[in-house]
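Same order as they appear, the protein sequences are chains A and B. Residue numbering for the first sequence is 452 to 650, as defined by my numbering. Residue numbering for the second sequence is 452 to 650, as defined by my numbering. Working notes, beginning with the structure itself.
Protein chains: 2
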Amino acid sequence: MTEVATARRSRLTPEREAELYEAVLDLLREVGYDALTMDAVAARTRSSKATLYRQWGGKAQLVVRALRHNKQHRLDEIDTGSLRGDLHAMATHEDDCSMEQSSALMRGVAMAIHSNPDLRDAFREQFVEPEMGEFRRMVERAVARGEVSADCPALDFMIHMMVGGFATTALLDDRPPTQDFLLSYIDAVVLPALGVRTD
Amino acid sequence: MTEVATARRSRLTPEREAELYEAVLDLLREVGYDALTMDAVAARTRSSKATLYRQWGGKAQLVVRALRHNKQHRLDEIDTGSLRGDLHAMATHEDDCSMEQSSALMRGVAMAIHSNPDLRDAFREQFVEPEMGEFRRMVERAVARGEVSADCPALDFMIHMMVGGFATTALLDDRPPTQDFLLSYIDAVVLPALGVRTD
């Protein structure tokens with residue numbers, strides 16, 4: 452099944468795929484998840500609806516793929532040689548303006564998740580889990596280098612610490628964190644909790 | 452203005468006020484913030500709409516007061532003599548079932564905040580800021596006792612660390628954290644970041 456899907460998807464050039472994802476994100480910004488239709492995506496991208504369903508399976512999957520594509524720099528491209536360097540690179544890979552835009556998109560999707568279980572499943576499988584896997588590898592490198600003790604209890608809570616830093620200002624102030632804020636948070640909270648000295 | 456409002460509000464007995472807040476929360480659970488009307492609150496509580504507006508000023512203020520009233524135990528009633536004791540008491544003051552209910556309510560309001568600036572303002576002024584003040588006093592007691600260094604950088608991020616613990620499972624799994632989870636998170640992340648030894 453996966454092979455068939457891959458074979459079919461491979462008919463699209465990477466450029467055409469990127470163009471489709473951009474159109475989906477534009478529509479998402481314009482009308483929000485609930486009002487976004489496959490008809491509108493088909494019209495905007497001059498595709499047939501049948502093609503869209505065959506390639507992605509449905510609206511939830513298409514939207515999540517588009518969001519994931521939108522993250523220009525993936526965590527697994529980051530490898531600076533220290534955990535502090537990796538976390539700082541992660542916090543600064545988007546400038547404050549681009550962060551503002553992607554934060555607004557993610558917020559809209561986070562809201563839609565509560566009334567769309569298929570979106571929640573797609574988001575977890577195709578977005579959260581791959582991100583967590585890349586994150587885990589970043590942390591495992593730090594353990595292998597001896598920066599963090601393998602039995603440090605905070606290792607189980609990496610994602611919670613990062614969400615605390617990235618999502619709190621969005622939740623309380625309806626705006627994303629700045630890079631300066633994130634760097635301070637990483638140095639004051641994440642690294643000390645992991646027992647990494649920052650001085 | 453505040454004096455007049457207080458004088459007017461004092462006409463309600465605490466029992467009647469509690470009954471009104473319960474009715475507002477029931478309606479909030481049933482229809483959500485956007486569909487909740489002052490007409491429905493008036494009908495449900497056999498009040499006049501004029502009275503509701505006079506007492507609370509509007510729907511946003513009434514809903515936020517009701518939510519705040521719903522937090523049975525306030526942080527400022529907690530004072531165990533140690534920061535670990537205080538944070539653990541905070542994490543366990545609601546049982547898992549009650550946490551589930553209040554988490555669903557808060558999630559609904561968090562979603563409504565994005566399209567209702569008056570709700571965001573009321574929520575910040577009447578909910579977040581009082582909570583943060585009580586939280587600050589808890590931490591200041593720990594500094595005064597010598598448990599935490601007054602210049603510990605993590606002190607600026609208490610609220611972010613706590614949101615990371617309380618909100619991440621709600622965001623990613625659409626369910627609130629359990630008490631066991633919160634206690635582990637506090638011991639693994641919050642106390643080590645503050646330099647408090649837990650062993």
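Beta carbons are placed, not taken as given, at the ideal position from N, Cα and C, and that holds for glycine. Note that the structure is predicted; figures quoted are calculated from it, not measured.
- By a beta-carbon distance limit of 8 Å, residue 641 of chain B contacts residue 612 of chain B. Their separation comes to about 5 Å.
- Per DSSP, the continuous alpha helix (DSSP H) segment holding residue 584 of chain A begins and ends at 580 to 595.
- Distance from residue 565 of chain A to residue 558 of chain B at the Cβ level is roughly 7 Å; contact confirmed, criterion being Cβ atoms closer than 8 Å.
- Taking the beta carbon of residue 619 of chain A as reference, the chain B residues within 7 Å of it are 610, 611 and 614, listed in sequence order.
- The Cβ atoms of residue 511 of chain A and residue 476 of chain A lie no closer than 7 Å to each other.
- With a minimum length of 4 residues, the unbroken runs of alpha helix (DSSP H) contained wholly in the segment 474 to 539 of chain A fall at 489 to 496, 500 to 507 and 510 to 521.
- The continuous alpha helix (DSSP H) containing residue 549 of chain B extends over residues 547 to 564.
- Taking the C-beta atoms as reference points, residue 630 of chain A is found nearer than 7 Å to residue 543 of chain A.
- Counting of Cβ neighbours within 10 angstroms places residue 462 of chain A among the exposed residues, the total staying below 16.
- Comparing alpha carbon positions, the residue from B:493, B:561 and B:585 closest to residue 527 of chain B is B:585.
- Taking 7 Å as the threshold, the shortest C-beta distance from residue 465 of chain A to chain B does not fall below it.
- A distance of 7 Å or more separates the beta carbons of residue 520 of chain A and residue 484 of chain A.
- Taking 7 Å as the cut-off, the Cβ atoms of residue 603 of chain A and residue 634 of chain A do not count as close.
- Straight-line measurement puts the Cα of residue 638 of chain B at about 38 Å from the Cα of residue 468 of chain B.
- Counting only Cβ-Cβ distances below 9 Å, residue 579 of chain B has contacts in chain A at 623, in chain order.
- With distances taken between CA atoms, residue 621 of chain B lies nearest to A:575 out of A:575, A:626 and A:627.
- Secondary structure note for residue 633 of chain A: its alpha helix (DSSP H) is the uninterrupted segment 630 to 636.
- About 5 Å separates the Cβ atoms of residue 589 of chain A and residue 537 of chain A, confirming a contact at the 8 Å cut-off.
- DSSP places residue 574 of chain B in the uninterrupted alpha helix (DSSP H) bounded by 568 to 574.
- Not a single CB atom of chain A sits nearer than 7 Å to the CB of residue 484 of chain B.
- An exposed status is given to residue 464 of chain B, since fewer than 16 other beta-carbon atoms sit within 10 Å of its beta-carbon.
- Straight-line measurement puts the Cα of residue 649 of chain B at about 28 Å from the Cα of residue 626 of chain B.
- The closest CA to that of residue 479 of chain A, considering only A:607, A:498, A:554 and A:546, is found on A:554.
- Cβ proximity to chain A below 8 Å picks out 558, 561, 562, 564, 565, 571, 575 and 579 from the segment 549 to 582 of chain B.
- In this structure, the beta-carbon distance from residue 562 of chain A to residue 550 of chain B does not fall below 7 Å.
- In the three-state reduction of the DSSP assignment, residue 646 of chain B falls in the coil class, being assigned neither a helical nor a strand state.
- At a cut-off of 7 Å between beta carbons, residue 643 of chain B contacts chain A.
- Note on geometry: alpha-carbon atoms of residue 474 of chain B and residue 546 of chain B lie some 22 Å from one another.
- Contact residues of the segment 598 to 609 of chain A toward chain B are 604, 605, 607 and 608 (C-beta to C-beta distance below 7 Å).
- Residue 597 of chain B counts as exposed, since fewer than 16 other C-beta atoms from the protein chains shown sit within 10 angstroms of its C-beta.
- Scanning its chain for C-beta atoms nearer than 8 Å, with the 5 sequence neighbours on each side dropped, one finds around residue 529 of chain B the residues 537, 540, 541, 544 and 589, in chain order.
- Here DSSP, grouped into helix, strand and coil, assigns residue 470 of chain B to helix.
- Residue environment for residue 615 of chain A: buried (at least 16 other C-beta atoms within 10 angstroms of its C-beta).
- Listed along chain A, the residues sitting closer than 9 Å to residue 639 of chain B by beta-carbon distance are 603, 604, 605, 606, 607, 608 and 644.
- Nearest to residue 617 of chain A by C-alpha distance, out of A:632, A:567 and A:531, is A:632.
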